[in-house]
Amino acid sequence: MLKTFLSSAAALTLTTGIAAADYSLTILHTNDFHARFEPISKYDSGCSAEDNTAGECFGGWARLVNAVKDARGRTNNAILVDGGDQFQGSLFYTYYKGKVAAEMMNGLKYDGMTVGNHEFDDGPEVLAGFMASVGFPVLMSNADVSGEPALAGKLMKSSVIERGGEKIGLIGLTPWDTPDLASPGKNITFTDPSGAVQGEVDKLTAEGVNKIIVLSHSGLLVDKLVAANTTGVDVIVGGHDNRLLSNTQEGADDVYPVMVNDTAIVQAYAYGKFLGELNATFDDEGKLIEAKGEPILIDGQVAEDAAILTRVSELAAPLDEIRNKVVAQSGALINGDRAVCRVAECSMGNLIADAMLARVKDQGVTIAIANSGGIRSSIDEGEVTMGEVLSVLPFQNTLSTFEVTGQTVIDALENGVSQVEEVKGRFPQVAGLQFSWDASVPPNEGRIQAVSVKDGDAWVEIDPAATYKLVSNNFVRGGGDGFKMFTTAANAYDFGPDVADVLAEYMAEKGPVKAYTDGRIVKK
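Given below as structure tokens:
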């Protein structure tokens, strides 16, 4: 059941109804859009024109325009804000950086945005260029940017906007561990989120602002801690961990809004699939007395704006240059045939797993597991284009890192070999790991016979009680292909670079690639 906060106004409304001084505001919000200007499939990947016409796709700039227009039509007092990570996630960002995001957000008349960690993927300069192009405040409270020339004096901690004759304070919040997730550079120091938010609340309150919204790209857990450890915050619009908060959607992570003390916390999943719509009511002292709403699913029933469709088509045309760009050389066929990769070790699987592990090895990660279902083609000998790489890895999956026990690794491998007879995509391709399995054993009853991990130059038996750092993709880490054991992993981060980009860069570094199999997977 939706939780609302009504305490201070309860007696008043029983006798006199809603007070004349009460102020109603609709907060429309997005988060983690990740450059998904074109529609996405139910798997959050690219969606074909045929499927889009059939109404099987979600989101996209052209639908978002009409979803926002319809939502604004339901109220006479609304703001539109974003919880960060507009950057990264598709070729639109690779090619245009933040320019298309700025165009879209200006057109939709956003009122404010926080900085997500991916806004730093290409350094402070690209973020600064984006900020110079938009007509709304981009905010980050929990960092000192005074030593960064590109952002000093430009990236503010908070801002005040006016709507319906009232002042509304907006405060930005960014992951404390952004230096580990992106490239903010050495000139920015990140600080504790709760202390940073309270400092800005106190500043805004002293200026007479009594309605305060935090735009937080920090994840639901941090948002709950901020709500519990601060005073004066009315609403937190979240992001970062792609939580679906809803009272009606199947599989939602929690209700909408989540209430912590007097603070309403909302989030709307990711990739433009939902538009959050929170209806908030404040009393004449600025106290939140009601918060209710629901994220709007932007599916095929939401019409696409014709002018935006044309614009997206224009912007997509030069992306063929990227698809045709030579990014590496292959010294031999790299086999990604599903008939091979879904039942056994294959050269494409080894290459992808090795590339993933190499990308995060400096973080202490020692094991890589990739699902064979994500491998969609082979690469021939000779020049390798980005289009070929994208044909191998078309799903826009992102790199995920996390920690699990050795027993969980064994359980994951058991799941991976459980449907070999059906040639299912859960078969695991691995790096930093060796295992043997026995197909004569019934599925999920001990097919995995032995598992070894690298210890220096030697291979040692995996310790079921020890903790290991793994890398996979966000689909697998989120429980896809039966890997449910990873959904509760510790220290999980699912929003790294696109695995296709990781593979292309790894191949480029290696020179002419001669992928191989080396016995890391043995069938008994």
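Per the numbering used here: the sequence shown ends with 1437, consecutive numbering throughout. All C-beta atoms, glycine included, are put in the ideal place defined by N, C-alpha and C.
Alpha-carbon spacing of Leu915 relative to Thr1007, whole angstroms: For this step, residue 915 is matched to residue 2 along the sequence shown. For this step, residue 1007 is matched to residue 94 along the sequence shown. No answer about Leu915 holds up, because its pLDDT of 35 lies below 50 and its placement is not dependable.
When the Cβ atoms of the region 1240 to 1250 are set against those of the region 1335 to 1344, are three or more pairs found closer than 8 Å? Verdict: no, contact absent.
Does Tyr1008 come out as helix, strand or coil in the three-state DSSP assignment? Residue mapping note: residue 1008 aligns to position 95 of the sequence shown, counting from 1. The answer is helix: DSSP assigns Tyr1008 an H, G or I state.
Bridge partners - Leu993, DSSP secondary structure assignment: Reading the sequence shown from its first residue, position 80 is the one you call residue 993. According to DSSP, which records beta bridges pairwise, Leu993 is partnered with Leu941.
Grouping DSSP H, G and I as helix and E and B as strand, with all else coil, what is Thr966? In the sequence shown, counting from the first residue as 1, residue 966 sits at position 53. Helix, per DSSP.
Just checking my contact of Val1148 with Ala1220 at CB under 8 Å: how many whole Å lie between their CB atoms? Stepping through the sequence shown from its first residue, residue 1148 is reached at position 235. Stepping through the sequence shown from its first residue, residue 1220 is reached at position 307. With 8 Å as the limit, Val1148 and Ala1220 do not qualify as a contact, their Cβ atoms being about 32 Å apart.
Consult DSSP for Ala1245 and reduce its assignment to one of helix, strand or coil. In the sequence shown, the residue the question calls residue 1245 occupies position 332. The answer is coil: DSSP assigns Ala1245 none of H, G, I, E or B.
Top-ranked residue by Cα proximity to Ala1041, from Leu1064, Gly1048 and Val981: Sequence index remark: in the sequence shown, residue 1041 carries index 128 (1-based). Nearest C-alpha to Ala1041: Leu1064.
Taking all protein chains shown into account, decide if Trp1372 is buried (16 or more other Cβ within 10 angstroms of its Cβ) or exposed. Your numbering for residue 1372 matches position 459 in the sequence shown. Looking at its Cβ environment, which holds fewer than 16 other Cβ atoms inside 10 Å, Trp1372 is exposed.
Through-space distance from Met1053 to Met1069, alpha-carbon basis: Counting from 1 along the sequence shown, the entry for residue 1069 is found at position 156. Counting from 1 along the sequence shown, the entry for residue 1053 is found at position 140. Approximately 6 Å between the Cα atoms of the pair.
Please go through the same chain and pick out, in chain order, the residues whose beta-carbon is closer than 6 Å to the beta-carbon of Asn1100, but skip the five residues on each side of it. Along the sequence shown, one-based indexing puts residue 1100 at 187. Here the set comprises Gly1060 and Glu1061.
Opposing strand residues paired with Ala1281 [DSSP bridges]: Counting from 1 along the sequence shown, the entry for residue 1281 is found at position 368. Ala1281 is bridged to Ala1344 and Val1384.
Range of the contiguous alpha helix (DSSP H) that encloses Asp983: Translated into the one-based positions of the sequence shown, residue 983 becomes position 70. Counting along the chain, the alpha helix (DSSP H) containing Asp983 begins and ends at Trp974 to Arg985.
Which runs of the beta strand (DSSP E) fall wholly inside the region 1129 to 1199 and span at least 3 residues, in chain order? Taken in chain order, the complete beta strand (DSSP E) segments of 3 or more residues contained in the region 1129 to 1199 are 1148 to 1150, 1171 to 1173, 1176 to 1179 and 1187 to 1195.
Would you be able to state if there are at least three C-beta pairs under 8 Å between the region 1423 to 1430 and the region 1254 to 1270? yes
Below 8 Å on the Cβ atoms is my guess for Phe950 versus Val1225; work out the distance and round it to an integer in Å. Taking the sequence shown and counting its residues from 1, the one referred to as residue 950 is at position 37. Taking the sequence shown and counting its residues from 1, the one referred to as residue 1225 is at position 312. About 6 Å separates the two Cβ atoms, so the contact holds.
Measuring CB to CB, does Val1179 end up less than 8 Å from His942? Residue 1179 sits at position 266 when you count from the first residue of the sequence shown. Residue 942 sits at position 29 when you count from the first residue of the sequence shown. Yes, the Cβ-Cβ distance between Val1179 and His942 is below 8 Å.
Taking only runs of the alpha helix (DSSP H) that begin and end inside the region 1023 to 1094, which ones reach a length of at least 4 residues, in chain order? Segments of the alpha helix (DSSP H) lying fully in the region 1023 to 1094: 1036 to 1046 and 1091 to 1094.
Look at the Cβ atom of Val1396, then the Cβ atom of Gly1287, and state whether they are nearer than 8 Å. Your numbering for residue 1396 matches position 483 in the sequence shown. Your numbering for residue 1287 matches position 374 in the sequence shown. In the sequence under discussion, the amino acid at residue 1396 is Phe, which differs from the Val named in the question. No, the Cβ-Cβ distance between Phe1396 and Gly1287 is not below 8 Å.
Apart from the five residues just before and just after Met1026, which ones in its own chain have a Cβ nearer than 6 Å to its Cβ? The count along the sequence shown starts at 1 and reaches residue 1026 at position 113. Contacts found: Asp995 and Val1051.
Are Ala871 and Met1269 close, meaning C-beta to C-beta below 8 Å? Any answer about residue 871 is impossible in this case: the structure gives the chain only from 914 up to 1437.
Cβ shell of Val1273 (< 6 Å), same chain only, five flanking positions each side left out: Reading the sequence shown from its first residue, position 360 is the one you call residue 1273. Closer than 6 Å at the Cβ level, and outside the excluded window around Val1273, lie Thr1314 and Val1384.
Taking the C-alpha atoms as reference points, what is the distance between Ala1417 and Asn965? Here residue 1417 refers to the residue found at position 504 when the sequence shown is read from its first residue. Here residue 965 refers to the residue found at position 52 when the sequence shown is read from its first residue. Cα-Cα distance, rounded: 29 Å.
Taking the alpha carbon of Asp1414 as the point to measure from, which residue in Thr1087, Asn1386 and Val1354 has its own alpha carbon closest? Start at 1 with the first residue of the sequence shown, and residue 1414 comes out as number 501. Measuring from the Cα of Asp1414, the nearest candidate turns out to be Asn1386.
Pair within 8 Å by beta-carbon distance, Gly972 and Pro952: As a first step, residue 972 is located in the sequence shown; it is residue number 59 there, counting from the start. As a first step, residue 952 is located in the sequence shown; it is residue number 39 there, counting from the start. In this structure, Gly972 lies near Pro952, with their beta-carbon atoms less than 8 Å apart.
At which residues does the alpha helix (DSSP H) containing Lys905 begin and terminate? No answer is possible for residue 905: it lies beyond the span of the chain, which begins at 914 and ends at 1437.
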